[in-house]
Amino acid sequence: GSLTIDAACASSLYAIKLACDALADGRVDAMLAGGVSRPECLYTQIGFSQLQALSRSGVCRPFDARADGLIVGEGAGVFLLKRLDDAERDGDEIHGVIRGIGLSNDQAGSLLAADSAGQLRALRAAYEQAGWSPCDVDLIECHGTGTPLGDAVELQSLATLRRQAGSPDMPPCVIGSVKSNIGHTLTAAGAAGLMKVLLAMRHRQLPPTAGFEQPASTAPLESASLRILQQPQPWPQRDERTPRRAAISAFGFGGINAHLLVEESPARVATDRVVSAASLTTASATRNPRADEPVAIVGMDARFGRLDSLAEFREAVFRGRSAIEPRPADRWFGDERSIAPLADALPKNGALLDSVRITPGAFRVPPAELPDILPQQLLMLVSAAAAMDDAGLPRRGDRPRHSVLIGMALDLNTTNYHLRWVLERWARAWARRRGLRLNDGEFDRWLAELRDACGPPLTSPRVLGALGNIVASRIAREFGFGGPSYALSADAASGLHALEIARRALTHHEIDCALVGAVDL
Numbered sequence: 042g043s044l045t046i047d048a049a050c051a052s053s054l055y056a057i058k059l060a061c062d063a064l065a066d067g068r069v070d071a072m073l074a075g076g077v078s079r080p081e082c083l084y085t086q087i088g089f090s091q092l093q094a095l096s097r098s099g100v101c102r103p104f105d106a107r108a109d110g111l112i113v114g115e116g117a118g119v120f121l122l123k124r125l126d127d128a129e130r131d132g133d134e135i136h137g138v139i140r141g142i143g144l145s146n147d148q149a150g151s152l153l154a155a156d157s158a159g160q161l162r163a164l165r166a167a168y169e170q171a172g173w174s175p176c177d178v179d180l181i182e183c184h185g186t187g188t189p190l191g192d193a194v195e196l197q198s199l200a201t202l203r204r205q206a207g208s209p210d211m212p213p214c215v216i217g218s219v220k221s222n223i224g225h226t227l228t229a230a231g232a233a234g235l236m237k238v239l240l241a242m243r244h245r246q247l248p249p250t251a252g253f254e255q256p257a258s259t260a261p262l263e264s265a266s267l268r269i270l271q272q273p274q275p276w277p278q279r280d281e282r283t284p285r286r287a288a289i290s291a292f293g294f295g296g297i298n299a300h301l302l303v304e305e306s307p308a309r310v311a312t313d314r315v316v317s318a319a320s321l322t323t324a325s326a327t328r329n330p331r332a333d334e335p336v337a338i339v340g341m342d343a344r345f346g347r348l349d350s351l352a353e354f355r356e357a358v359f360r361g362r363s364a365i366e367p368r369p370a371d372r373w374f375g376d377e378r379s380i381a382p383l384a385d386a387l388p389k390n391g392a393l394l395d396s397v398r399i400t401p402g403a404f405r406v407p408p409a410e411l412p413d414i415l416p417q418q419l420l421m422l423v424s425a426a427a428a429m430d431d432a433g434l435p436r437r438g439d440r441p442r443h444s445v446l447i448g449m450a451l452d453l454n455t456t457n458y459h460l461r462w463v464l465e466r467w468a469r470a471w472a473r474r475r476g477l478r479l480n481d482g483e484f485d486r487w488l489a490e491l492r493d494a495c496g497p498p499l500t501s502p503r504v505l506g507a508l509g510n511i512v513a514s515r516i517a518r519e520f521g522f523g524g525p526s527y528a529l530s531a532d533a534a535s536g537l538h539a540l541e542i543a544r545r546a547l548t549h550h551e552i553d554c555a556l557v558g559a560v561d562l
């Protein structure tokens, strides 16, 4: 089937990982996977400005001493994936072969700040899966957004990895970032990076990083044998039996990390080491993964309508009581007057929540930020904590192999702030059409009500509070989970898809525990 995932700026590589899993399991014969980004422009421009991440100079300069922030890009990249054996049998042109994909979630730091330890877990997982050394790659397409702090953390992660794996005379490796060419395409960033690497392999050239002149003073390039090019250079083969190899990194808000390893087509290099892409699993999966291995449910929680706990849900089910009630009259976010003419055409009953209650200090969420967080995030956080309690697990812990997968509807309006800007002009037209005669004071009050009904102004906390993937990242950070944690959407099947992905990861020993949930408001 088809589904959409939200793993922030690592979404494309996460989608490719799920596609590789489906191919490796024999569930499909071909998969389309990639990423697309065409966000609401005011949300990205104002949001990144609020986070002080937008470039003041208007130029994206990853790893350069003059770097001052990112530039937003838009676009899409998609790949048709097949098992290597099938592609060779069908005579397909093979652009590259995926050898490993490492995924992780940061356990430390804030939801906005990159953490080197989390990145390193994704990097190491990829190389272990592929059976490569980090020094085997000639080109690393970095996440490299042009934000000085984020780029510095990424370079430190790469330097640590290479120093620990290599010798003083380790071969040099070229690094770069396609964001210097097209800006940060957010959820499509990983697809853009992989596309660049595949083109580099096709043309056997190492591409430059646009606008790069001088590295930042703290960049550990020389000590880790890393190079940044200003002009394209030939990409020589190390020897006649070794294919050209490269890596792509993608990191996202919430501490989501991905690292993909790819090598050129076997047809383009003389080598007898050809492994089918169907063998693409994690290194720990050598513990005899079984598709039919039982998976135990050890904790659970439920919040449906006014049934505010698993106990209340159980009571309603076994006593045959309904939680469906008349719709509250004040359910329109302060815009009841505008909704009134439509009330008769709207559903009158439902199993609806009136509020999401959080005990002060129960979670590491500043109280001032609570109004700016999607209620889905808060509801899942409360429910996740109750499920942890039900399983007898402590709230705090070091859990690098625990994951969070949340099914949640894809609601594009959560990041749509454009209406607040144009509402004054539209409101005057609406008033005339409805025959409303309002003086200036009455119109201003009505306009304020309409704006509040759309949502509050965009602030720094609300940038994160409106992002879909944060529903999983917030849980992971709260409970110390370091495994892949993200949200996915497949309409009414979202929760079941999340459960199936978790089941596969468990039976292949990629993770040790998964918190799986679904939410709809």
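Residues in the sequence shown are numbered from 42 upward in steps of one, following the numbering used here.
The beta-carbon is built from N, C-alpha and C at its ideal position, and this holds for glycine as well.
- Task: With DSSP as the reference, label D105 as helix, strand or coil.
- Result: strand
- Neighbourhood of R442 by C-beta, 6 angstroms cutoff - its chain only, sequence neighbours within 5 removed: G524, I552 and D553
- Item | DSSP bridge partner residues for V557 (one or two, in chain order) | L446
- Message: What does the alpha-carbon distance come out to for the pair G509 and V358?
- Response: 31 angstroms
- Item | Cα-Cα separation, S218 to W173 | 22 angstroms
- Message: Is it buried or exposed, Q418, if we count other Cβ atoms within 10 angstroms and call 16 or more buried?
- Response: buried
- Give the straight-line distance between the Cα atoms of S290 and C183, rounded to the nearest whole angstrom. 5 angstroms
- Query: Hey, out of H538, A74 and D280, whose CA is closest to A528's CA?
  - Reply: H538
- Task: Report the residue from G506, D485 and L44 whose alpha carbon sits nearest the alpha carbon of R466.
- Result: D485
- Task: Tell me whether G234 is buried or exposed, calling it buried when 16 or more other Cβ atoms sit within 10 Å of its Cβ.
- Result: buried
- Could you tell me if I447 is buried or exposed, where buried requires 16 or more neighbouring beta carbons within 10 angstroms of its beta carbon? buried
- Give the single residue among K220, A533 and I414 whose Cα lies nearest to the Cα of T500. I414
- Query: Start and end of the alpha helix (DSSP H) containing N222?
  - Reply: K220 to I223
- Going by the CB atoms, is the gap between V138 and R286 shorter than 7 angstroms? no
- Message: Once DSSP output is grouped into helix, strand and coil, what is the label at D493?
- Response: helix
- Query: Which value, in whole angstroms, describes the spacing of the CA atoms of T201 and P388?
  - Reply: 58 angstroms
- Message: Can you look up V194 in the DSSP assignment and give me helix, strand or coil?
- Response: helix
- Message: So if DSSP puts G116 in a beta bridge, which residue, or which two residues, is it bridged to?
- Response: S78
- Task: Measure the Cβ-Cβ separation of M341 and A428 and say whether it is below 7 angstroms.
- Result: yes
- Continuous alpha helix (DSSP H) assignments of at least 4 residues falling wholly in the region 121-154: 125-130
- Query: From what residue to what residue does the beta strand (DSSP E) around S530 run?
  - Reply: S526 to S530
- Message: Using 8 angstroms for Cβ pairs, my map puts L565 next to V406. What's the rounded Cβ distance?
- Response: Residue 565 is absent from the model: the chain starts at 42 and stops at 562.
- Identified DSSP bridge partners for F345: L348
- Item | Minimum C-alpha distance to M236 - residue among L477, L121, R68 and A251 | L121
- Query: Is the CB of R286 under 7 angstroms away from at least one CB in chain B?
  - Reply: Included in the structure is just one protein chain, with no chain B present.
- Query: Along the chain, where does the beta strand (DSSP E) that runs through T45 open and close?
  - Reply: T45 to D47
- Is D109 closer than 7 angstroms to S96 when the C-beta atoms are compared? yes
- Message: Suppose you measure from the CA of R279 to the CA of R204; what does that come to, to the nearest Å?
- Response: 20 angstroms
- Query: Just the Cα atoms here: how many angstroms apart are A319 and S266?
  - Reply: Any reading at A319 must be qualified, since the residue scores a pLDDT of 36, below 50, and its modelled position is unreliable; the value itself is stated next. A319 and S266: Cα-Cα distance of roughly 33 angstroms.
- Query: G293 and L54: beta carbons closer than 7 angstroms?
  - Reply: no
- Item | Proximity to G252 [Cα-Cα], best of H300, D105 and A559 | D105
- Exposed or buried, what is E195 when buried is set at 16 or more other beta-carbons lying within 10 Å of its beta-carbon? buried
- Task: Between the Cα of F404 and those of L422, K123, D333 and D70, spot the shortest distance and give me the residue it belongs to.
- Result: L422
- Task: Compare the Cα-Cα distances from D532 to each of A392, L302 and V560 and report the closest residue.
- Result: V560
- Query: Over what stretch of residues does the alpha helix (DSSP H) that includes L420 continue unbroken?
  - Reply: P416 to D431
- Task: Grab me the residues of A51's own chain with a C-beta within less than 7 angstroms of its C-beta, minus the 5 sequence neighbours each way, in chain order.
- Result: G231, A291, F292, G293, I297, N298 and A299
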